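Shown next, in structure tokens, is the structure this report addresses.
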Amino acid sequence: MTSLKFERPIGARADLAELKYVSALHQTSKDLRPDGSISQSDISALLTSKFGIAISDEEVKHVILKGLSVCDDASYFDLCEVAAALIIPELIKAAKCSDDGDGASADDLAQDNMFGIVLESIARTSTSLQLDYNEDVILNAENVKQILLALGEDKIAKNDDLIHEMTRQAVGRDDDDDDDDGGSKILNASAFARALTSDVQTYQNEDISLSDIGRQEKQNTISRLLHRPTQVSAIDNESEAIEEEEEEEEDVSDVDVEDGEAKGGKEDTTSVNKDSLREKNAYQTKRVFAAPSIDYTNDGQALPSGFFGMQDFPSLVPSEVCPSNDRTVGCDVAEVVLSWIDSVLTILLVGGICIMCIGSLGNRVGASRITVSISLLPVLYFFIKPFTPIGTEPGDFSGEYHRQFALGLSMAIAVVIVLERMRQILFLSDMSKRLLGHCSSRFTQLCCFGIRKTVIRHSAESASSYKVNRMLNNAVGITISAKSSQRQSALAAFYESNDELEKVGGHIWVWNRIKNRELYLNEGIRFSARLLAANIMQYFIIVCYEGNTVIILVRSAQSVATKVIDNLQDLHASASVAIATLFRSVLPTIDSLRIDACEALAVNPDTDIPEVCYSNYTLLNDLHSQSDAFVTLVFTSLSQKMSPVKNFLKSAIDAGADTIADAAVVVDPLQPWMIQMAMGVGGLVAFFASIFLATLYLPSVVSTTLRFRCGALPSFDSDSNRFSNLYRSKLHHITFLTGALFWGTVLYVAGLAFVIAFIILALIWMAKVLPVVFNSAAANGPPPIWGAIIGSVVAFIAQFALFNICTCAMYDAFYRRHPGWTNVHHIIWEAAWIALSVLFVAVRVVKLTIVAALQIGRIDVPFLAEGVGGIGGFRLDRFPSIFRQDILAHEAHNHPWIQRLSRIYLLKIRQGNNFASDAGTAWRLIFVLTLFPWLRQYRVKARNVANVGERMPKETHHKLNCSAFYDCFD
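In structure tokens:
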């Protein structure tokens with residue numbers, strides 16, 4: 001079983017592994033592209049699945065990729081350009097700190113002098129510039145071209161228009177500004193920061209915040225962004241953001257947000273100057289049906305109330321079809337078939353449509369009061385149902401204890417959901433504006449949960465910034481290390497460096513980081529609503545149903561144990577009577593019957609005399625004295641007169657009598673309190689073990705996610721085909737998870753309770769019987785079995801001693817100290833194990849069976865070894881792969897870097913060429929290739945594939961493959 005704890009690498013190599021992991025998540029082609037590039041089809045699939053935006057591949061190419069990819073008419077952007085897009089917010093922060101002269105902590109900024117370090121590295125790399133490290137670089141087209149050539153970007157260096165635009169952007173002048181004082185002509189840190197960020201300043205000004213709000217609210221916001229340009233000023237504090245978001249929720253038709261002032265009271269001149277251009281550059285999109293209330297793949301902040309309502313299914317059991325006075329076979333068959341059909345239709349219609357769909361209408365953040373009110377209708381049904389004959393008899397509510405418990409629990413859950421919905425309706429009122437500004441205490445924050453988006457609103461952006469800063473820190477550290485050690489390049493330092501390791505995972509690690517929110521703010525891990533709902537369902541099964549079952553077992557154990565013992569004693573008495581009857585009547589009857597042996601055998605064709613009699617006996621007159629044809633050959637005298645049938649039955653009856661006597665030794669010591677104690681202890685152990693099982697799933701999700709991110713579970717390189725075949729196909733299998741967790745928990749508890757109860761009962765029985773056996777042995781001598789037991793124990797001790805002593809004396813690791821004696825030792829034991837190893841194999845079968853039975857509840861980790869149980873496309877244990885599929889599908893929509901890329905795509909749709917120009921992307925590409933030279937190999941691979949025309953044409957038809965993590969039914 002895989003441990004939840006592992007040592008995660010932290011360093012530049014781990015950052016590269018996570019970048020490639022994000023590329024693997026983002027790609028939608030049948031096979032992963034080894035260059036790590038993101039194609040137009042991949043972007044189209046993400047926008048459709050995540051935001052419900054229908055955009056063609058060609059539109060992605062001309063609207064989004066234009067400016068994100070420097071190459072002309074490119075249908076993809078490579079891993080270097082992906083990294084260049086991801087670092088945009090950090091570059092903006094660094095540029096602002098550089099302009100203001102304020103230092104920044106390592107938590108917010110990679111390095112205070114990051115631009116200076118990169119410029120120095122550029123000067124060292126561009127040997128054709130003939131510059132000293134401290135000498136200034138003149139900003140002109142020739143020097144920019146030399147920098148690009150030194151980095152291997154020959155194609156960009158040949159584009160004179162782009163070179164001129166890059167120079168103008170770094171200098172900081174408009175095209176019509178011909179004065180020399182219009183900007184700096186020295187490539188210093190300030191000019192470099194301006195070149196990197198001047199075309200993407202609106203990233204900070206545009207407060208889209210699509211990463212952490214509800215799905216439908218995302219769609220409303222996107223609709224406003226796509227169809228009408230708006231101007232949103234920077235917001236200083238959290239309360240202002242909340243008020244503005246609440247105003248947007250109240251009136252979704254209001255597409256214009258009021259103008260405001262930027263931080264420090266400065267007017268946002270960038271937005272004002274480009275307001276007139278946005279209308280022209282805004283791209284109009286089509287929408288697709290997304291069903292956001294039941295979207296548990298890209299769930300954002302959706303509450304698990306829809307899945308939570310499945311706890312009401314026990315009250316949907318149908319009534320009996322057959323009357324009590326008519327229990328014919330035909331009626332029983334009809335009852336089974338009709339009950340099955342009724343159950344399926346009930347779960348599908350009532351559970352699927354009523355509870356899951358209608359009951360989920362209020363799940364999304366930003367839901368209106370009307371939709372929340374509608375979602376109460378299927379929940380209120382469970383207040384009325386227990387008292388009506390709908391689906392069950394009214395008398396059942398006042399009948400058996402477990403039935404009362406099930407229906408009462410159904411009503412209790414309905415009460416909880418109604419209270420939650422009422423709280424949501426209350427906070428959707430005007431009172432919410434006043435209360436939301438005071439959500440400071442833990443209690444008030446709990447009340448505001450699900451409405452106040454800022455509780456986890458910035459978790460994805462914060463985690464993305466944390467990860468990018470760490471990536472920049474690691475890269476800057478390698479660059480400084482290369483400089484201090486006089487290496488030729490940072491690339492050599494990268495391959496010579498060793499990542500540090502930190503121990504992560506496990507119960508305590510995960511729950512501590514959930515408590516202090518580091519799991520969300522730093523790691524960016526958010527649990528899917530499907531998993532949370534299933535995990536909550538596990539706790540309800542364990543605490544309510546299984547706990548109730550344990551109570552019932554303990555309460556009724558006395559009567560159950562008495563019945564079991566009485567039945568065993570009755571069976572023993574009946575068997576004894578049968579034995580006595582056989583002795584008294586059956587055996588004498590058989591003894592009176594005579595069967596002529598020689599007549600029953602085949603005769604000799606030559607003499608017409610039975611062959612057996614002729615060849616073995618001489619006194620033919622005594623042939624008829626034999627009674628059994630099958631035992632004639634073993635008789636030595638014809639004078640014996642007996643009934644072999646009688647002897648055979650007598651032997652069988654004697655064996656049965658001995659068995660019954662032995663059973664009496666087992667049954668007689670049993671007392672009701674023994675079974676009661678065994679059932680109680682087994683139930684309690686299973687109860688607490690199942691609680692521990694339920695607490696494993698969230699840490700298991702975290703551990704599995706971190707393993708994928710750092711490369712401990714391969715996703716991109718050597719096992720990319722396996723990753724595609726195992727995880728990126730048949731995504732509908734993730735619908736098995738909820739049912740698997742439900743029944744896995746139920747069967748796990750039942751199996752564990754039975755095993756523990758059996759062990760406890762055996763121990764109690766032995767404690768009761770062994771003293772009697774010892775007393776009997778003291779009086780009459782030990783039975784023969786004790787000799788076998790004592791001999792086995794002595795043999796085991798001798799074997800253990802010989803093995804360990806010989807191993808210590810004969811071996812040094814794989815090498816033998818005394819080859820001759822070691823070979824003799826091996827021959828002796830190999831011969832012995834031929835006879836003895838059967839016991840070990842039998843014990844192994846028992847152990848594996850028990851472990852497999854107890855492992856049935858763990859669907860998150862594989863029980864079978866890698867490659868075991870796979871026959872072609874069939875796998876014996878598919879659930880661990882399905883568990884990982886669900887994690888990866890959720891990651892493909894909610895990984896912090898996927899969130900950031902999604903926001904950049906939306907900004908490109910809204911602003912077009914006004915965001916991320918070719919010149920700015922070229923400067924950021926210079927920054928990435930200088931600071932991350934190990935990414936260059938992926939850019940070369942992507943360029944080579946594009947040049948030879950090997951890019952697969954089926955990438956543009958990814959929807960036919962249905963093999964990606966994104967929806968393929970648009």
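Mapping of the sequence shown onto full-length UniProt numbering: position 914 corresponds to residue 914, and the numbering continues sequentially without gaps.
Just so you know, even glycine gets a beta-carbon here, dropped at the ideal spot from N, CA and C.
Model, not experiment: these values are computed from the prediction.
DSSP state of arginine 816 mapped onto helix, strand, coil: Arginine 816: strand per DSSP, three-state reduction.
Counted within 10 angstroms of its Cβ, other Cβ atoms place leucine 349 as buried (16 or more) or exposed: Note that leucine 349 scores 49 on pLDDT, short of 50, meaning its location in the model is unreliable; the coordinates nonetheless yield the value given after this. That one is exposed.
Candidates Ala529, Ser464, Ile478, Val468: closest to tyrosine 520 by CA position: Ranking the options by Cα distance to tyrosine 520, first place goes to Ser464.
Top-ranked residue by Cα proximity to aspartate 886, from Arg900, Tyr539, Ser729: Ser729
Residue of Asn535, Ala191, Val681 minimising C-alpha distance to leucine 761: Val681
8 Å Cβ cutoff met for proline 933 and glycine 524: no
Straight-line Cα distance separating glutamate 830 from isoleucine 799: At residue 799 the sequence reads glutamine, which differs from the isoleucine that was named. Computed Cα separation, rounded: 13 Å.
Buried or exposed (CB count within 10 angstroms, at least 16 for buried), histidine 890: buried
Straight-line gap, serine 481 to lysine 5 (C-alpha atoms, nearest Å): 31 Å
The segment 733–745 touching the segment 522–537, judged by at least three CB pairs closer than 8 Å: yes
8 Å Cβ shell around lysine 145 - same chain, five flanking residues per side excluded: Ala157, Ile163
Tyrosine 296, DSSP secondary structure in three states: coil
DSSP three-state assignment for glutamate 523, whether helix, strand or coil: coil
Presumed contact (8 Å Cβ cut-off) between glycine 36 and aspartate 78, rounded CB distance: Rounded, the Cβ-Cβ distance is 7 Å, consistent with contact.
Endpoints, alpha helix (DSSP H) assigned at isoleucine 64: Element bounds for isoleucine 64: n/a, residue is neither H nor E.
DSSP three-state assignment for aspartate 207, whether helix, strand or coil: Low per-residue confidence applies at aspartate 207: pLDDT is 48, beneath 50, and the placement is therefore not dependable, though the value from the model is reported in the following sentence. Reduced to three states, the DSSP call for aspartate 207 is coil.
Beta-carbon proximity check, aspartate 732 vs lysine 50, cutoff 8 Å: As written in the sequence, residue 732 is histidine, which differs from the aspartate given in the question. No.
Counterpart residues of arginine 287 in DSSP-defined beta bridges: Ile53
Between the CA atoms of cysteine 806 and tryptophan 821 - distance to the nearest angstrom: 10 Å
Cβ contact (3+ pairs, closer than 8 Å) linking the segment 912–925 and the segment 471–478: no
Among Thr849, Thr125, Arg194, Ile43, the one whose alpha carbon lies nearest that of isoleucine 92: Arg194
In DSSP terms, what phenylalanine 6 is bridged to: Val504
Check whether tyrosine 697 and isoleucine 43 have beta carbons under 8 Å apart: no
8 Å Cβ shell around methionine 810 - same chain, five flanking residues per side excluded: Arg816, Arg817, His818, Trp821, Thr822, His825
Cβ separation of methionine 166 and alanine 922, assumed to be a contact under 8 Å, to the nearest whole Å: Yes, they are in contact, since the Cβ atoms of methionine 166 and alanine 922 sit about 6 Å apart, within 8 Å.
Rounded straight-line distance, which links the Cα of glycine 711 to that of alanine 750: Computed Cα separation, rounded: 38 Å.
Inter-residue Cα distance where the pair is arginine 903 and phenylalanine 494: 31 Å
Those residues which DSSP pairs with phenylalanine 77 across a bridge: Ile38
Collapsed DSSP secondary structure at serine 121 in the structure displayed: Of the three classes helix, strand and coil, the one that applies to serine 121 here is helix, per DSSP.
Exposure label - histidine 62; buried when at least 16 CB within 10 Å: exposed
Counted within 10 angstroms of its Cβ, other Cβ atoms place valine 200 as buried (16 or more) or exposed: Buried is the label assigned to valine 200, since at least 16 other Cβ atoms lie within 10 Å of its Cβ.
Integer Cβ distance of glycine 52 from valine 288, believed to fall under 8 Å: 5 Å
Distance CB(leucine 25)-CB(leucine 888) smaller than 8 Å: yes
Proximity winner among Leu901, Leu854, Ile909, Gly920, relative to leucine 19 (alpha-carbon distances): Leu901
Exposure label - phenylalanine 814; buried when at least 16 CB within 10 Å: exposed
Local Cβ density within 10 Å of proline 89, reported as buried at 16 or more and exposed below that: buried
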